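Positions 88 to 366 (my numbering) are the ones given, in order, by the sequence shown.
Think of the CB as a built atom: it goes at the ideal place given N, C-alpha and C, for glycine as much as any other residue.
Quick caveat, the model's predicted, so the values are computed rather than measured.
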Amino acid sequence: MAVSSAAVMIRLAGAPALAVAFWRCALGVLILLPPALVRKDEFPKGRSLYVGIASGVALGAHFGFWISSLDYTSVAASVVLVSNTPVFVAILAYLLFGERTTPVSFAGILVALGGTIVIAQDGSAGSAALFGNALALLGALTFTVYVLIGRSQRSAAEPVGVLPYSIVLYSAAAGALLPAALLSGDRMWGYPGETWFWLIAIAVGPQILGHTVFNWALRYVEASVISGTVLAEPVVAALLAWLVLAEKPGPVTVIGGAIVLVGIFLLLRGRRKADQPVS
């Protein structure tokens, strides 16, 4: 629910896209830093620090592209397209690391990509929708880079605690986003109280209760289960946009979104079966 509310909160904030992305990460650092200091958590250093910074830059690019897409296309199309991350992870993991995929997962990749092409044909959100859809796909690709870079850290012999590692991630993301926002001419402060309310809500909800809790949950829940939640996000986000913003998705987006979700389901289903031990 927290992650699915992000797109609607971003629209309600009414601030420039890159500024929203920056404050989402910067406020996340301010929220997480006090408990990390009280707990006297050990912060990453050496290789872990470099991996965290690289991951954070990729995460910042993800937020920048995806949040910008909401200025041009519908919430439903944007969230469905950015949810293609598992598809890109599977493709790049095969190309870069030679990781094989099952026939079911491969079929899921093809189905999801087909649904993405269908969504690209929907012009109901306006003539700029194609550009917005492209930004959302770039958001999925950059999040894929974030996931692949972070894999080595999750498999490290001495994994870093979720709070200090998240602080490094979000600090690097904010540091990458700030110059981009300033160069684009986005106003970074001087917002009305309502805008600050929604910026803080974005940091507490989607950022802390979303990304940070997902990372924490990896210690206790299978990654395939957490990845499966991606299926719920576009549905809930589209419903919230309809109820709160009166933004009804076009029929082409609904059809294409359903196809994408079926493809992602098949992809995750195939990967989960591949991970199960053979009896």
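Range of the contiguous alpha helix (DSSP H) that encloses residue i
i	result
Pro103	Element bounds for Pro103: n/a, residue is neither H nor E.
Ala259	Val249 to Leu270
Asn171	Premise fails: Asn171 is in no alpha helix (DSSP H) and is neither H nor E.
Ile196	Pro190 to Ala207
Val300	Val300 to Ala304
Secondary structure of residue i, DSSP reduced to three states
i	result
Pro279	coil
Ser156	helix
Phe130	coil
Pro336	coil
Gly219	helix
Arg358	helix
Glu186	coil
Ala94	helix
Tyr307	coil
Arg111	helix
Leu353	helix
Status (buried if at least 16 other CB within 10 Å, exposed otherwise) for residue i
i	result
Tyr233	buried
Pro364	Unreliable placement is indicated for Pro364, whose pLDDT of 44 sits below 50; no coordinate value is reported for it.
Phe184	exposed
Gln294	buried
Gly343	buried
Met88	exposed
Ser91	buried
Pro121	exposed
Gly219	buried
Arg126	exposed
CB of residue i within 7 angstroms of CB of residue j, strictly
i	j	result
Ala32	Thr160	This structure does not reach residue 32, given that the chain is present from 88 up to 366, and the question cannot be answered.
Arg111	Ala268	no
Gly133	Tyr252	no
Thr229	Ala145	yes
Gly350	Ala199	yes
Ile118	Leu354	no
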